[in-house]
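Okay, structure first, notes after.
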Amino acid sequence: TSLTGDDIPADLFFARQTVPNACATQAILSVLLNNASSSPTESKKEGTTENGDANNASQTLEVGPMLTQLHSFIQSFPPDLRGEAIGASEEIRQAH
Numbered sequence: 025t026s027l028t029g030d031d032i033p034a035d036l037f038f039a040r041q042t043v044p045n046a047c048a049t050q051a052i053l054s055v056l057l058n059n060a061s062s063s064p065t066e067s068k069k070e071g072t073t074e075n076g077d078a079n080n081a082s083q084t085l086e087v088g089p090m091l092t093q094l095h096s097f098i099q100s101f102p103p104d105l106r107g108e109a110i111g112a113s114e115e116i117r118q119a120h
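With the sequence shown counted from 1, adding 24 to any position gets you my numbering.
Printed below as a string of structure tokens:
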């Protein structure tokens, strides 16, 4: 079932694919950015012990400065512009 309107969680990251042959890259970015911490200190929140061991399933990922900056920049964009921004990112194109 598709989510529409108010059913879509506000913090769900989705970018419309606007670059041909980039579906795997888009999928990986969606998985990473939907599980990423919004700041480097957020990964220390409940869910990990001091030595980093997981103690529940609500852990977030640290995706590094480049993806953190990209996510922050495009977070307020609509899905089509997020896709365009991802396609325009030189770092993403090189990694693809």
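Beta carbons are placed, not taken as given, at the ideal position from N, Cα and C, and that holds for glycine.
- The alpha-carbon separation between Thr28 and Leu56 amounts to approximately 22 Å.
- Sixteen is the threshold: when 16 or more other Cβ atoms of the shown chains lie within 10 Å of the Cβ of Ala60, as they do, the residue is buried.
- In chain order, Thr49, Leu53, Leu94 and Ile110 place their CB closer than 8 Å to the CB of Ile116, counting only its own chain and leaving out the 5 sequence neighbours on each side.
- In the displayed model, Leu94 falls within a helix according to three-state DSSP.
- Apart from sequence neighbours up to five positions away, the residues of its chain that approach Ile98 with a beta-carbon distance below 8 Å are Ala39, Leu105, Arg106, Ala109 and Ile110, ordered along the chain.
- Taking a C-beta distance under 8 Å as the contact criterion, Leu36 and Asn58 qualify as a contact pair.
- If you draw a straight line from the Cα of Glu114 to the Cα of Leu85, it comes to about 23 Å.
- Leaving aside the five residues that flank Val87 on each side, the residues in its chain whose CB is nearer than 6 Å to its CB run, in chain order, Leu56 and Ala60.
- Between His120 and Ala46, the CB-CB gap stays under 8 Å.
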